[in-house]
Every structure is written in C-alpha cells, then in structure tokens.
Ligand SMILES: CC(C)(COP(=O)(O)OP(=O)(O)OC[C@H]1O[C@@H](n2cnc3c(N)ncnc32)[C@H](O)[C@@H]1OP(=O)(O)O)[C@@H](O)C(=O)NCCC(=O)NCCS
C-alpha cells in the first residue's frame, strides 16, 4: 500500500453539501473514549492507536462525522507521523454521501493552516478516491513505507 502526496496549495475551494442530519466537526477531548472504542470496533486496533495520538494534540487533530449525534466516520492528521493524513473511514452504510470528502478536506485545510505545503496520505487503500477528491499522486517506492514492523497481538 503506497503513500500519496497532496498539494495543499491546490485544494478544491468548494465545499460538499451534506445531507440533513449529518454534521462534521473537530473532535473534542470528551469524545476520545467513545471515538477510540468505535474505531477499534469498526476499523482496527491499529487505527484506534493512531487516532489516540491525534487526541493527544491540541487542537485535537481528528474530525468526526455524526448522523443524529451517532458517530459514522472519522479522519485524523498529524497522527501517524508529522505531515501525514490518516487514518480515516466512514461506516459502510453511510458511504457515497460526501462524508469522506468533507472529513478529508477538513483535515487537509487544517494542515495547510499549520503551514504545510504538501501532505502525505499514508498507506493508501482507495487510491482513486484520493486522486479524484484532492488530486493526490502516488509516491514511487513508498510501499511499505513507514509501516514495516506492525505488532501482532
Ligand atoms: C474511502 C472512504 C473514507 C470514502 O468515504 P465516502 O464517504 O464514501 O466518500 P465520498 O462519499 O465523499 O466519495 C467522494 C467520491 O469518491 C468516490 N469514492 C468513494 N470511495 C471510493 C473508493 N474506495 N474508490 C474510488 N472512489 C471512491 C465516490 O464514489 C465519490 O464520487 P462522486 O463524487 O463521483 O460520487 C470510505 O470508502 C471508507 O471508509 N473506506 C474504508 C476505509 C478506508 O479505506 N479508509 C482509507 C484508508 S487510506
């Protein structure tokens, strides 16, 4: 799974309009326990660990998507490594409605505000999603990148 590079100075300006009932906001400290447990349950323990790092930052470098106050998606930046976007995911039944794009753009715009010119999307699965939404390009010879020695539980 390669890494991808995003030009933060060329992010799309337009915002995706979300369906009524959906909210995307920066996570708060009081969201931490529920969010990490939810990520571990729906995605993986490794992603929950990376998101835990995002919750140690101020401002917290994690955005969450809610449907009627229930968690349905999340995205982190500045968690796995400095300058990295990820991990992030949306519950399967809520996909295809713009939540992934909004979460991604919130994170990348925050990184731009921090002063980065480029962001790295670490260990990408859905390359076409990142290419389409933010013009990301694959970084040559970036597999396995930094993900060399994951622990086995
Ligand atoms: C990748 C993911 C976050 C996208 O979330 P989403 O809410 O479905 O994304 P959006 O609705 O904003 O999709 C925006 C566009 O990208 C397209 N897209 C979404 N997922 C895609 C994928 N996996 N591959 C290719 N295109 C994809 C959509 O069709 C949509 O196109 P449209 O504007 O023409 O309709 C979601 O599929 C997911 O959680 N996947 C599993 C976890 C994962 O792989 N995370 C990324 C780790 S690097």
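In my numbering, the protein residues as written are 419 to 571. Every residue, glycine too, gets a C-beta built ideally from N, C-alpha and C.
_Cutoff 9 Å: residue 525 Cβ touching any chain C Cβ_ = Looking for chain C here will not work: only one protein chain is present.
*residue 515 beta carbon near ligand 1 (any heavy atom closer than 8 Å)*: Taking the first residue of the chain shown as position 1, residue 515 is located at position 97. Answer for residue 515: yes, Cβ within range of ligand 1.
*Taking the Cβ atom as the reference point for each residue, do residue 445 and residue 503 lie within a distance shorter than 9 Å?*
What you label residue 445 is simply residue 27 of the chain shown in a count that begins at 1. What you label residue 503 is simply residue 85 of the chain shown in a count that begins at 1. Result no, Cβ atoms of residue 445 and residue 503 do not sit closer than 9 Å.
*residue 441 versus residue 485: straight-line alpha-carbon distance, rounded*: Along the chain shown, read from residue 1 onward, the residue named residue 441 stands at position 23. Along the chain shown, read from residue 1 onward, the residue named residue 485 stands at position 67. Answer to the nearest angstrom: the Cα atoms are 7 Å apart.
*asked:* Give me, in chain order, the residues of the same chain whose beta-carbon lies closer than 7 Å to that of residue 498; leave out the 5 immediate sequence neighbours on both sides.
replied: Indexing the chain shown from 1 puts residue 498 at position 80. These residues qualify, in order along the chain: 468, 504, 540.
*Would you decide whether residue 496 is buried or exposed? Buried here means 16 or more other CB atoms lie within 10 Å of its CB.*
On the chain shown, position 78 is the one that residue 496 refers to. It is buried - the Cβ of residue 496 has at least 16 other Cβ atoms within 10 Å.
*Would you call the CB atoms of residue 466 and residue 455 closer than 9 Å?*
Position 48 of the chain shown, counting from 1, holds the residue named residue 466. Position 37 of the chain shown, counting from 1, holds the residue named residue 455. Yes, they are a contact pair.
*asked:* Can you tell me whether residue 570 is buried or exposed? The criterion is at least 16 other CB atoms within 10 Å of its CB, across all chains shown.
replied: For the purposes of this step, residue 570 is taken as the residue at position 152 of the chain shown. The residue in question, residue 570, is exposed, as its Cβ has fewer than 16 Cβ neighbours within 10 Å.
*Can you tell me which of the three DSSP states residue 492 falls into?*
The count along the chain shown starts at 1 and reaches residue 492 at position 74. Residue 492 falls in the strand class under three-state DSSP.
*Report the option in 517, 515, 550, 482 whose CA atom is closest to the CA atom of residue 430.*
On the chain shown, residue 430 is found 12 positions in, with the first residue counted as 1. With distances taken between Cα atoms, residue 430 lies closest to 550.
_By the DSSP assignment, the beta strand (DSSP E) with residue 506 in it spans what residues?_
Mapped onto the chain shown, residue 506 falls at position 88. Per DSSP, residue 506 belongs to the beta strand (DSSP E) from 502-508.
*asked:* Rounded to whole angstroms, what is the Cα-Cα separation between residue 553 and residue 534?
replied: Residue mapping note: residue 553 aligns to position 135 of the chain shown, counting from 1. Residue mapping note: residue 534 aligns to position 116 of the chain shown, counting from 1. Roughly 16 Å between the two C-alpha positions.
_Outcome for residue 474 when other beta-carbon atoms lying within 10 angstroms are tallied against a minimum of 16_ = Your numbering for residue 474 matches position 56 in the chain shown. Label assigned to residue 474: exposed.
*Going by DSSP, which residues form a beta bridge with residue 440?*
The sequence position of residue 440 within the chain shown is 22, counting from 1. Beta-bridge pairing links residue 440 to 485.
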